[in-house]
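Chain order of the listed sequences is B and A. Residues in the first sequence are numbered from 6 upward in steps of one, following the working numbering. Residues in the second sequence are numbered from 1066 upward in steps of one, following the working numbering. Just so you know, even glycine gets a beta-carbon here, dropped at the ideal spot from N, CA and C.
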Amino acid sequence: MPPREGVYGLLAEFNTPGELVQATEAAHHAGYRRMECYTPYPVEEAAEALHFHKTRVPMVCLIGGLMGVTTAFLMETWINVWAYPLNIAGRPLFSWPAFIIPAYEWTILFAGFSAALGMIALNGLPQLYHPVFNAPNFRNGATTDKFFLCLEAVDPKFSLGETRTFLEQFPAVSVVEVDH
Amino acid sequence: MATKGPMQDPIVDPMIDPRTGEYAVIAPGHNFKSVTQKIAGIVLTSNTPLGWFFGLMVGGGVALGVVIGCTWLFLKGVGIWGVTIPGAWGFAIINFVWWIGIGHAGTLISAILLLFKQTWRNSINRFAEAMTIFAVVCAGTFPLIHVGRPWLAYWLFPYPNTMNVWPQFRSPLAWDVFAVSTYASISIIFWYIGMIPDFGTLRDRATMPAAKYFYGMLSLGWRGSTRHWIRYESASLLLAGLSTPLVLSVHTVISFDFAVAALAGWHTTIFPPYFVAGAVYSGFAMVLTLAIPIRKFYHMEDLVTLRHLDNMAKVMLATGSIVAYGYGMEVFMAWYSASHWEFFMMWNRMFGPMGWAYWILILTNIAIPLTSLWSRKLRVNVTYLFILSLIVNTGMWFERFVIVVTSLYRDYLPSSWGTYRATKWDYMIYVGTMGLFTFLFFLFVRFLPMIPMSEIRMMLPQTKVTRGGADAETVSKETV
Chain B
6 MPPREGVYGL LAEFNTPGEL VQATEAAHHA GYRRMECYTP YPVEEAAEAL
56 HFHKTRVPMV CLIGGLMGVT TAFLMETWIN VWAYPLNIAG RPLFSWPAFI
106 IPAYEWTILF AGFSAALGMI ALNGLPQLYH PVFNAPNFRN GATTDKFFLC
156 LEAVDPKFSL GETRTFLEQF PAVSVVEVDH
Chain A
1066 MATKGPMQDP IVDPMIDPRT GEYAVIAPGH NFKSVTQKIA GIVLTSNTPL
1116 GWFFGLMVGG GVALGVVIGC TWLFLKGVGI WGVTIPGAWG FAIINFVWWI
1166 GIGHAGTLIS AILLLFKQTW RNSINRFAEA MTIFAVVCAG TFPLIHVGRP
1216 WLAYWLFPYP NTMNVWPQFR SPLAWDVFAV STYASISIIF WYIGMIPDFG
1266 TLRDRATMPA AKYFYGMLSL GWRGSTRHWI RYESASLLLA GLSTPLVLSV
1316 HTVISFDFAV AALAGWHTTI FPPYFVAGAV YSGFAMVLTL AIPIRKFYHM
1366 EDLVTLRHLD NMAKVMLATG SIVAYGYGME VFMAWYSASH WEFFMMWNRM
1416 FGPMGWAYWI LILTNIAIPL TSLWSRKLRV NVTYLFILSL IVNTGMWFER
1466 FVIVVTSLYR DYLPSSWGTY RATKWDYMIY VGTMGLFTFL FFLFVRFLPM
1516 IPMSEIRMML PQTKVTRGGA DAETVSKETV
């Protein structure tokens, strides 16, 4: 559990995605691991610089889809064969081709909700409070036009003075301390 | 060449990036801040344009038609409509199919064009998705009020009940419940997921405490973290991949409502593809109907450019041609099947008492659009496209009218022939849903970001990641 008081990290602000990616790569090279980039749109190069490649969202989506198809098909079979059998123009009770259609729809329904809610859950959202919002320049830029790199204090390599010197060698607009 | 319109001359065309020679999707001169301010400004302004209030009032006033019409319907029953035997499906089903078809272009734009990496869609996908949702709201109203006892409409869903009664899954009407409810749910979640980063932007740019709170809650605390973005992009792609088969299946299932019935004019295998193409056709027409006034009213010509309109007109040309092929095939099969009933149905459709509807359909859906859309000059003529979009949507409504009514009112047995005549309540509820749609759309453009800001940012030249050197300096100057 990270400490809830004191410094959360150091936040460097950049004007371009290129500068952010360079700084992130350098920080990773220097041995920093607990860090995060904040950008106004997805910057894939930043994710590469963070060495963050794999997400579990597709797996969650697949599991959801399989659950959807199984649930719908078994439900239809149970309902039309056992729970409430009806003779409709002599068609077989187990009319599996007809059952495919609702099962198909529920595959998409479950998979879609799993992908969306899975993404939100894996991201730890909703999280209305986060320390980076305390930085005075964060909210003006992170969702508009600025690019941020935050080196977090929980990183064993983090020390306020040295990390600040490290970040200031890049063309950052500012480097600010972020409090919890 | 200059006489051919602003998009013709490749040398003076401001949309072509002189450095790369690529065709820009949005007008040059924008940066991250300017697009954000432009789009967020519409939502966060304290000076709501008077025209907005006017439009909302008109939409809301017309929407009262639904309220009044449905109130009387619930008091009196479906007898106030023109439905009767043999024309048991009237306006309610026509309007249902028409509205849901309109919705399909929204999903197509947001999902299929995303998968095909058609970046031009980024400017129009948000309001196309909004259009989908509001169209599904209007569409969903009709089957619910058509069931006769709308307070028991939940019987359509499989749920354990004391009557021990369950739905019957061999019926296309049960498939419909699953298809349309899935479509509505997935469209809403896709729309909302797409807006989360923009809600973050609005939260951070809002000055009013209520707006900060409202958008802050909706943004779920989005902070643009890269790890979040990667998962977000993954989820967006997955949702797009799921919506693509979904949108194709929804109108397929709706066409099964007809095709599974053993009625001449309905019982054909061409229905699914031809319904889907028709849906996309009418949907793109509706996107044009909405986009053209909005870009003018909110001065969005930089973001929704002539190229967007041109591309949409091309999609209409393609899907309209598929629809025309469908009509041709119907006529051909009526002859080729050598079925007496099919042949009579087609003859009656064209030359019977309601033949006028068929010829309106041919004129508005085929003759006017499919001859004129080949011309690039007309495809970039905003006024013409707007009028054409209204014509096509009229045509698509008549298509549903022709399919529903002319197949039903003269079936196999001449002794059971009747006719169909819509009543004022039919018209009131139909026009009312147009008001409801307008009303919801006006609320949307005022309170939600109608163009996805994060996706527009990705289309700017500044997004190019450069690693040092002179190039980085020019980019950083542009950004500042």
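Practice prompt. Check Tyr1224/A in the structure and name its three-state DSSP category.
Written response: coil
Inset, instruction - Return no unless some Cβ of chain A is closer than 8 Å to the Cβ of Glu44/B. - result: Sequence check: residue 44/B is Thr here, not Glu. For Thr44/B, the answer is yes, since a Cβ of chain A falls inside 8 Å of its Cβ.
Roughly how many angstroms separate the alpha carbons of Met1515/A and Phe1340/A, rounded to a whole number? 28 Å
### Task
Find the residues of chain A that neighbour Met124/B, judging by a C-beta separation of less than 8 Å, and give them in chain order.
Ile1258, Arg1296, Tyr1297, Ser1299 and Ala1300
Residue(s) in a DSSP beta bridge with Asp184/B: Val12/B
Requested in this report: May I ask you to report which of helix, strand or coil DSSP gives Glu1366/A?
Outcome: coil
| request: Report the three-state DSSP secondary structure of Ala17/B (helix, strand or coil). | output: strand
Which chain A residues sit within Cβ distance under 7 Å of Val183/B?
Correct list: empty, because the minimum Cβ distance to chain A is about 12 Å.
- Hey, does Pro141/B have any beta-carbon neighbour from chain A nearer than 8 Å? no
task: Entirely within the region 1248 to 1336 of chain A and at least 4 residues each: give me those alpha helix (DSSP H) ranges in chain order.
output: 1274 to 1284 and 1291 to 1324
Since Ala1403/A meets chain B, which of its residues come closer than 9 Å, beta carbon to beta carbon? Within chain B, no residue comes near Ala1403/A; the closest Cβ sits about 26 Å away, beyond 9 Å.
Between Tyr13/B and Pro136/B, is the Cβ-Cβ spacing less than 8 Å? yes
Roughly how many angstroms separate the alpha carbons of Lys1379/A and Asn1190/A, rounded to a whole number? 17 Å
request  = Note down the Cα distance separating Thr1119/A from Met1351/A, rounded to an integer number of angstroms.
outcome  = Correcting the residue type first, residue 1119/A is Phe in the shown sequence and not Thr. Their Cα atoms are separated by approximately 21 Å.
* Assigned secondary structure, Tyr43/B (DSSP; H/G/I helix, E/B strand, else coil) -> strand
### Query
Can you check whether the CB of Thr149/B is closer than 8 Å to the CB of Phe1097/A?
yes
Self-check item: chain A contacts made by the region 96 to 114 of chain B, where a contact means CB separation under 8 Å
Solution: Arg96, Ser100, Ala103, Phe104, Ile106, Pro107, Tyr109, Glu110, Trp111, Ile113 and Leu114
Please state if the CB of Tyr1423/A and the CB of Phe1156/A are separated by a distance shorter than 8 Å. no
Report task. Please check if any C-beta of chain A sits within less than 8 Å of the C-beta of Asp150/B. Result -> yes
| Who are the Cβ neighbours of Val1467/A in its own chain at under 7 Å, not counting the five residues just before and after it? | Arg1414, Ala1422, Tyr1423 and Leu1426
Q. So does Phe171/B have its beta carbon nearer than 7 Å to some heavy atom of the ligand ADP?
A. In the structure shown, the ligand ADP is absent, as is every other ligand, since no ligand is present at all.
- Message: In this structure, how does DSSP classify Ser1437/A when only helix, strand and coil are distinguished?
- Response: helix
Closer than 8 Å is the cut-off here; do at least three beta carbon pairs connect the region 1397 to 1404 of chain A with the region 1126 to 1139 of chain A? no
>> Beta-carbon within less than 6 Å of Gly23/B's beta-carbon, same chain only, minus the 5 sequence neighbours each way: which residues are those?
In response: none
#### Entry: Near-chain A residues of the region 53 to 66 of chain B - C-beta to any C-beta below 7 Å
Leu55, Phe57, Thr60, Val62, Pro63 and Cys66
* Determine the extent of the alpha helix (DSSP H) in which Phe1463/A is found, giving its start and end residues. => Val1447 to Phe1466
Consider the Cβ of Asn145/B: report whether some Cβ of chain A lies at a distance smaller than 8 Å.
-> yes
I need the DSSP call for Ser100/B, collapsed to helix, strand or coil.
coil
Which stretch, first to last residue, makes up the beta strand (DSSP E) that contains Leu156/B?
Phe152 to Glu157
Please report how far the alpha carbon of Val1369/A lies from the alpha carbon of Val1447/A, in whole angstroms.
12 Å
Problem set entry | Cβ-based neighbour list, Glu1198/A, same chain, cut-off 7 Å, excluding 5 preceding and 5 following | First, the residue type needs correcting, since residue 1198/A is Ile and not Glu in the sequence shown. The answer, listed in chain order, is Ser1252, Ile1253 and Trp1256.
Note down, in chain order, every chain B residue with its Cβ under 9 Å from the Cβ of Val1047/A. There is simply no residue 1047/A to check, as chain A begins at 1066 and stops at 1545 in what is shown.
Under a CB-based cut-off of 8 Å, is His1293/A close to chain B?
yes
So which residues on chain A does Gly117/B lean against when the C-beta distance must stay under 9 Å? Thr1247, Ser1250, Ile1251, Ile1254, Phe1255, Leu1303, Leu1304, Leu1307, Ser1308 and Leu1311
For Ser1519/A, which three-state DSSP category applies? helix
Item to complete: In the DSSP assignment, find the alpha helix (DSSP H) that holds Val1230/A and state where it starts and stops.
Response: Val1230/A -> no alpha helix (DSSP H), and no H or E assigned at all.
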